[in-house]
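Read in order, the letters of the sequence shown correspond to residues 168 to 478 in the working numbering. For each residue, glycine too, the CB sits at the ideal point set by N, CA and C. A quick note: this is a predicted structure, and the numbers were derived from the prediction, not measured. For reference, the structure is listed below as structure tokens.
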Amino acid sequence: MKASYEGRMLKDLKMPTRKEVEEAILYSLFKHNGAIKEFSTGEEIVEEIANEFNLIEEQRSAYLETIYRKENRLKKSWLWHRLLFRAADALAKEKLVSRPSDTIKLTNKREWMLTENGYDKALKLLGIPTVKKEFLTIKSYEVQKIVKRFREQPRPKNYIPFDDIKKITKITKEIKLRIRGFRLAIIEAYDYKCSVCGMKINSPDSLRWEVEAAHIVPYSANGKDDIWNGLALCHLHHWVFDVGWFTLSDNYRILTSGKIHHLSSDYGKMGNYDFLRALLNDNKKIFLPESDKIYPHKNAIQWHRQNIFNQ
Ligand SMILES: [Zn+2]
């Protein structure tokens with residue numbers, strides 16, 4: 168009886184179908200970088216998805232009334248809220264999203280989060296090729312698991328910044344996930360800023376960040392994809408670091424190549440701003456993550472100083 172009462176209401180009010188709401192939730196997750204708050208009353212996301220359907224006031228405020236005879240109580244439940252929850256629940260059953268009760272164990276936030284399958288489905292709905300995954304900063308449950316592991320692993324004393332496995336394996340799905348985990352862990356740890364200049368900027372659609380996760384021991388030298396071999400750098404500082412214009416001391420100060428002094432004066436400038444020579448200023452310390460457990464490891468830095476840095 169209850170279901171048909173609800174069904175009738177959904178029909179009478181011309182509410183969107185559950186399938187349509189499921190798609191809207193996937194779209195919304197994509198737009199919010201992979202995670203949205205669980206649906207509680209008054210939560211912005213509840214209104215935001217209603218806006219996607221241009222729901223009118225009557226549709227937004229409709230209630231279902233259930234009488235509990237035993238307790239002689241009338242319970243009102245919000246129709247739109249139920250519809251949203253049912254759609255999200257169906258997505259969770261299909262393993263396209265993780266439930267807030269699971270996500271909280273990873274992120275300490277009660278959120279719905281895309282899984283890798285949900286992420287693929289959202290990309291498909293939006294007509295975006297799957298290869299774009301490597302460039303977007305959208306979270307998925309599987310990638311956040313890797314991020315959490317990177318953050319919580321005990322800091323090794325005798326850290327070896329090389330990964331020998333890379334030599335023999337081809338790029339598997341697992342490695343792709345690890346690379347995305349590496350990227351997200353680094354840029355989150357550095358608050359989406361370049362650790363040298365502090366540049367923080369995303370694309371107007373908020374789906375991409377300018378900052379890059381740089382390997383200290385580079386990928387080409389089998390550098391590890393982990394938090395101790397990484398540094399958040401803007402595109403330009405990444406390039407300048409990779410070619411050896413600067414390196415870091417063991418206490419994270421910037422050391423610059425002596426060759427800067429021999430450069431032609433019109434090199435390394437952005438208009439009037441002397442981008443390259445600005446690195447020379449008072450051997451500045453870079454911006455670092457909040458916790459020193461995830462600072463770059465000195466074994467990685469030393470390797471860069473000895474092998475990449477052009478003194
Ligand atoms: Zn920078």
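Those residues which DSSP pairs with residue i across a bridge
i, result
"tryptophan 279", "Ile203"
"asparagine 369", "Trp376"
"isoleucine 421", "Leu415"
"glutamate 232", "Lys243"
"glycine 390", "Phe329"
"methionine 437", "Tyr440"
"lysine 159", "This structure leaves residue 159 out entirely; the chain is present only between 168 and 478."
Cβ neighbour criterion (16 or more within 10 Å) applied to residue i
i, result
"serine 370", "exposed"
"methionine 437", "exposed"
"threonine 184", "exposed"
"tyrosine 357", "buried"
"threonine 208", "exposed"
"glutamine 320", "exposed"
"isoleucine 453", "buried"
"glutamate 214", "exposed"
"proline 463", "buried"
"tyrosine 308", "buried"
"threonine 304", "buried"
"proline 267", "buried"
"leucine 167", "This structure leaves residue 167 out entirely; the chain is present only between 168 and 478."
"glycine 365", "exposed"
"histidine 428", "exposed"
"arginine 345", "buried"
"valine 410", "exposed"
"asparagine 396", "buried"
"lysine 306", "buried"
"lysine 288", "buried"
"proline 328", "buried"
Distance, residue j Cα to residue i Cα
i, j, result
"lysine 337", "lysine 343", "10 Å"
"asparagine 439", "glutamine 478", "26 Å"
"threonine 233", "aspartate 179", "18 Å"
"glutamate 219", "aspartate 331", "49 Å"
"tryptophan 247", "leucine 293", "24 Å"
"glutamate 379", "glutamate 355", "11 Å"
"arginine 375", "phenylalanine 302", "7 Å"
"alanine 257", "asparagine 275", "23 Å"
"leucine 196", "alanine 202", "5 Å"
"alanine 255", "valine 407", "46 Å"
"alanine 352", "proline 456", "11 Å"
"tyrosine 359", "arginine 350", "11 Å"
"serine 265", "lysine 312", "12 Å"
"histidine 382", "methionine 176", "56 Å"
"valine 310", "asparagine 389", "21 Å"
"alanine 467", "leucine 422", "15 Å"
"serine 424", "arginine 444", "10 Å"
"lysine 272", "isoleucine 475", "40 Å"
"arginine 277", "arginine 318", "20 Å"
"leucine 222", "cysteine 401", "42 Å"
"isoleucine 216", "lysine 367", "29 Å"
"lysine 242", "threonine 270", "29 Å"
"glutamate 341", "glutamate 224", "47 Å"
"tyrosine 286", "arginine 316", "21 Å"
"glutamine 473", "aspartate 433", "29 Å"
"aspartate 479", "glutamate 210", "Only positions 168 to 478 of the chain appear in the structure, and residue 479 is not among them; the question remains open."
"lysine 237", "glutamate 261", "36 Å"
"arginine 227", "asparagine 418", "57 Å"
"arginine 347", "cysteine 361", "18 Å"
"asparagine 325", "lysine 426", "33 Å"
"leucine 250", "asparagine 448", "59 Å"
"leucine 446", "histidine 471", "17 Å"
"leucine 231", "serine 244", "5 Å"
"lysine 291", "glycine 435", "42 Å"
"asparagine 284", "alanine 399", "28 Å"
Segment limits, beta strand (DSSP E) that includes residue i
i, result
"phenylalanine 413", "413-415"
"histidine 382", "379-382"
"glycine 397", "397-400"
"arginine 227", "Note, arginine 227: premise wrong, no beta strand (DSSP E); alpha helix (DSSP H) at 224-228."
"serine 244", "240-245"
Residue i - containing alpha helix (DSSP H), residue span
i, result
"tyrosine 308", "308-319"
"serine 195", "185-198"
"proline 267", "267-274"
"lysine 262", "Element bounds for lysine 262: n/a, residue is neither H nor E."
"valine 213", "211-219"
"histidine 428", "No alpha helix (DSSP H) contains histidine 428, which DSSP labels as neither H nor E."
"lysine 343", "340-356"
"isoleucine 468", "465-474"
C-beta neighbour in chain C for residue i, strict 9 Å
i, result
"lysine 306", "As a matter of chain content, chain C is missing from the structure shown, which is built from one protein chain."
Distance cut-off 8 Å: residue i Cβ against heavy atoms of ligand 2
i, result
"lysine 276", "For ligand 2, the structure offers nothing, since it holds only ligand 1."
Can you pull every residue whose C-beta falls closer than 7 Å to some heavy atom of ligand 1, listed in chain order?
Cys361, Val363, Cys364, Met366, Leu400, Cys401, Leu403 and His404
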